[in-house]
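In the numbering used here, the protein residues as written are 57 to 338.
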């Protein structure tokens, strides 16, 4: 990028060249229209020369000032673009480091779960089965997160696996209503956009209910529009709930993946949470 001084010098040189060119054009046109001046038949007074020189000086000054203004504006534009580029590179570097760091924890967790599973197969078969399902779920989350799109069938299958885990956790105390679209073949979606809102039901809803916990999940596919409605009961008693990053991350991903092209509405009433989510498939 040119420096400010370089732009100013370049502008001054260009202004001078443009001014000289315009002056020469005006002089030639004027002499062509008034040949009597060139032939010496009409005397040119100092006053006329002074007026002509004043006009030329004003023209040269206007061109120089306009050129300097343009140079300053251009310099400012290049500076802003350079700062934006540097900021984007910094953000990309931070995101890459966070991604690499985040991958270490699931790998460690997967290995640990598999080790626990091998020790609980005989002594606690139900726990062993839950660990195996959890391992498969975490493996999907880990590897699908590196993809921009996954099959909708795979995403729905992962959601069903997660709900099976929650059923084993709550036993007969949990009531789950799940409605799924009949035909999902050939549709792709960004991974893990629906799961955070379902997981939030169990974290902030059913786990705090004093009586029968329940969750209703309705996923519908209309042409290329995927609509999800999640409703769960919650305790009417106000309890302190420790916040998490799942919902915030999901909102941020929706803004990045579907800017202005998705719908998300989260409503908390006295006894229920309601989430309506809609975005397109590919």
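The beta-carbon is built from N, C-alpha and C at its ideal position, and this holds for glycine as well.
7 Å Cβ shell around residue i - same chain, five flanking residues per side excluded
i           : result
residue 189 : 217, 220, 221
residue 283 : 276, 334
residue 330 : 287, 323
Under 8 Å between C-beta atoms of residue i and residue j
i           : j           : result
residue 246 : residue 313 : yes
residue 257 : residue 288 : yes
residue 269 : residue 229 : yes
residue 237 : residue 303 : no
residue 195 : residue 249 : no
residue 254 : residue 286 : yes
residue 212 : residue 179 : no
Close beta carbons around residue i, own chain, < 8 Å, minus the five adjacent residues each side
i           : result
residue 337 : 208, 243, 244, 245, 277, 280, 281, 282
residue 353 : Within the shown structure, residues of the chain are numbered from 57 to 338, placing residue 353 beyond reach of any answer.
residue 165 : 194
residue 169 : 187, 190, 191, 194
Chain D within 8 Å of residue i, Cβ atoms only
i           : result
residue 240 : The chain inventory of the structure shown lacks chain D, comprising one protein chain alone.
Own chain, CB closer than 6 Å to residue i, minus 5 neighbours either side, in chain order
i           : result
residue 224 : 186
Identity of the residue in the options nearest residue i by Cα
i           : options            : result
residue 234 : 181, 148, 273, 151 : 273
residue 271 : 255, 231, 129      : 231
residue 226 : 210, 259, 139      : 259
Q | Touching by the beta-carbon criterion (3+ pairs, under 8 Å), the region 167 to 179 and the region 201 to 212 | A | no
Q. Taking the runs of the beta strand (DSSP E) that are 3 residues or longer, which of them lie wholly in the region 170 to 240?
A. Within the region 170 to 240, the complete beta strand (DSSP E) runs of at least 3 residues are 231 to 235.
Q: Go through the region 247 to 288 residue by residue and report every complete run of the alpha helix (DSSP H) that reaches 4 residues or more, in order.
A: 251 to 260
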